[in-house]
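The structure appears below as structure tokens.
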Amino acid sequence: MPSTSENSNADVEMGGKIRALRHRLGRTLEQTAKAAGISKPFLSQVERSRASPSLGSLARIAGALGVKVQYFVDTPSEERSVRRKKDLWFFSFGDSATLFARMTNLSAGRKLEAILVRMPVGHEESEVRTHAGEEFLYVMAGEVSLTLEDKIFVLQAGDSTHYASTVPHKWRNAGASEAVVVWVGTPSLL
1 MPSTSENSNA
11 DVEMGGKIRA
21 LRHRLGRTLE
31 QTAKAAGISK
41 PFLSQVERSR
51 ASPSLGSLAR
61 IAGALGVKVQ
71 YFVDTPSEER
81 SVRRKKDLWF
91 FSFGDSATLF
101 ARMTNLSAGR
111 KLEAILVRMP
121 VGHEESEVRT
131 HAGEEFLYVM
141 AGEVSLTLED
151 KIFVLQAGDS
161 THYASTVPHK
171 WRNAGASEAV
181 VVWVGTPSLL
């Protein structure tokens, strides 16, 4: 059973997360309390860690702020937050010579995915695609030709790009050596 000090630390963290999210969303105490079906003074006490909400009250607060209860109670852990170099392994799709390595841990509710991509010389252009979300590419080594709609951009080591995934796009290794790219996007590539 957790000690009283562990409980109070969790209450402080939870109250701070509730307040921070409410402020980020631009909502008042009164608006949030009303949407959650609790009193404004009680919500104020929860945010200042002077009261602990029941699970039901916490669920209503989470709903009023548009998140799941886990948002307030999950604490950072290595399993969810850190990806060690020793755990990075490359895989491919079908008979493609391009290699992929997941740089982020799989966790429910994540909105971003980061993939390390190694494209060999002569890598064929990917097919044109569109989907909801955004993509960010950072070229670590080599040269990549990126086509957005009908415009072509050549990216070299140190260059990056950020675009809406709804724009028709494709990319390929355009250089004489392996291209290494960090891809970050929404929704998950894999």
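Sequential numbering of the sequence shown, starting at 1, is according to the numbering used here.
Quick reminder that beta carbons are idealized off the backbone N, C-alpha and C, glycines included.
Per-residue burial, V117 [other beta carbons within 10 Å of its own, 16 or more giving buried]
buried
Are there 16 or more other CB atoms within 10 angstroms of the CB of M140, so buried, or fewer, so exposed?
exposed
Taking contact to mean at least 3 C-beta pairs separated by less than 8 Å, is the stretch 127-144 in contact with the stretch 175-189?
yes
Less than 6 Å between C-beta atoms, sequence neighbours within five positions excluded: which residues of the same chain meet that for A36?
R60, I61, A64
Looking at E178 and M103, is the spacing between their C-beta atoms short of 8 Å?
no
Taking DSSP as the reference, what is the three-state secondary structure of F90?
coil
Within this structure, are the beta carbons of L43 and A33 separated by less than 8 Å?
yes
Give the DSSP bridge partners of F42, in chain order.
Partner(s): none; F42 has no beta bridge.
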